């Protein structure tokens, strides 16, 4: 099995807080890996390390065989990222922002097509600061797809979306996977993980407490039962 992402023995502390405590997991190439865990489990910190926005104190990170902290622009162009705090410029309008970002890539997708697919054209004349939470999610997801990424990191991609929006995002994630893209999704939604995941990671207190195919992790039980048994207080 080819691995597109590997996190091995990661430690990351912020003052007295240990965000990652020997975290190890991987994402198989061409699949959807769903990363679940309670608030404070270290999911976002792990993703930040994987995309080169943070450096672990110890351990190794490899994405497409490269350390993202020291990665070149060519490597970064192969990776799409949608973070919880998207960093979208408040004064920009959505379509102009997407068109600007697309020009940073050698072979971008069709901006109009992606914007239409995610409904960005419906609020194209509104500045980012006036967008709803769900609209910002749609815009951030569109931005993450512009460079035709080989690996796509999505941190809570359906947070704030209505039911129709969630279905749109899930369909798009499945299409990305079917086209050969490796997708890593952090989520609190059992439904999302059950619907999308080829590979599951459950985190708690900065560690991996379960990893494998959905069948291997659940062993015939419901995902929610397995999750709560592994992440209840004191279970790490």
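Residue numbers (our numbering): 45 to 280. Even for Gly, the Cβ is constructed at its ideal location relative to N, Cα and C. Nothing here was measured: the structure is a model prediction, and the numbers come from that model.
**Message:** Quick check on the DSSP output: the beta strand (DSSP E) that includes residue 50 runs from which residue to which?
**Reply:** 47–58
**Prompt:** Hey, quick one: how far does the beta strand (DSSP E) through residue 255 stretch, first residue to last?
**Reply:** 251–256
**Item:** Residues that residue 215 bridges to, as DSSP identifies them
**Value:** Answer by DSSP bridge pairing: none, since residue 215 is not bridged.
**Message:** For residue 234, which residues in the same chain have their Cβ closer than 6 Å to its Cβ, ignoring the five residues on either side in sequence?
**Reply:** 267 and 268
**Request:** Identify the continuous alpha helix (DSSP H) that holds residue 269 and give its terminal residues.
**Result:** 267–275
**Prompt:** What whole-angstrom Cβ distance do residue 216 and residue 183 have, given they're in contact under 8 Å?
**Reply:** Residue 216 to residue 183, Cβ: 14 Å. No contact.
**Request:** Taking only the alpha-carbon atoms, compute the straight-line gap between residue 221 and residue 238 and give it to the nearest angstrom.
**Result:** 15 Å
**Prompt:** What does a CB cutoff of less than 6 Å around residue 155 pick up in its chain, not counting 5 residues either side in sequence?
**Reply:** 142, 143 and 146
**Prompt:** Between residue 81 and the rest of its own chain, which residues show a CB-CB distance below 7 Å, the 5 nearest in sequence each way excluded?
**Reply:** 87, 246, 247, 248 and 275
**Prompt:** Does the beta-carbon of residue 278 have 16 or more other beta-carbons within 10 angstroms, so that it is buried, or is it exposed?
**Reply:** With a pLDDT of 49 at residue 278, under the threshold of 50, the modelled position of that residue is not reliable, and no figure is offered here.
**Request:** From the DSSP output, read off the bridge partner residues of residue 126.
**Result:** 198
**Request:** Note down, in chain order, each residue of its chain lying with its Cβ closer than 7 Å to the Cβ of residue 191, except the 5 sequence neighbours on either side.
**Result:** 121, 124, 149 and 152
**Item:** Range of the contiguous alpha helix (DSSP H) that encloses residue 161
**Value:** 155–161
**Request:** Can you check DSSP and say which residues form a bridge with residue 65?
**Result:** 55
**Item:** Length of the line joining the Cα atoms of residue 202 and residue 214
**Value:** 9 Å
**Asked** Quick one, are the C-beta atoms of residue 48 and residue 261 less than 7 Å apart?
**Response** no
**Prompt:** Per DSSP, residue 248 forms a beta bridge with which residues?
**Reply:** 251
**Message:** Which residue marks the beginning of the beta strand (DSSP E) containing residue 80, and which one marks its end?
**Reply:** 76–80
**Item:** N-terminal and C-terminal residue of the beta strand (DSSP E) that residue 102 is part of
**Value:** 102–107
**Message:** Considering only their Cβ atoms, is the gap separating residue 188 from residue 33 smaller than 7 Å?
**Reply:** Nothing about residue 33 can be read from this structure; the chain reaches only from 45 to 280.
**Request:** Return the residue from the list 63, 109 and 223 that minimises the CA-CA distance to residue 76.
**Result:** 223
**Request:** Measure the C-alpha to C-alpha separation of residue 111 and residue 79 and round it to an integer number of angstroms.
**Result:** 20 Å
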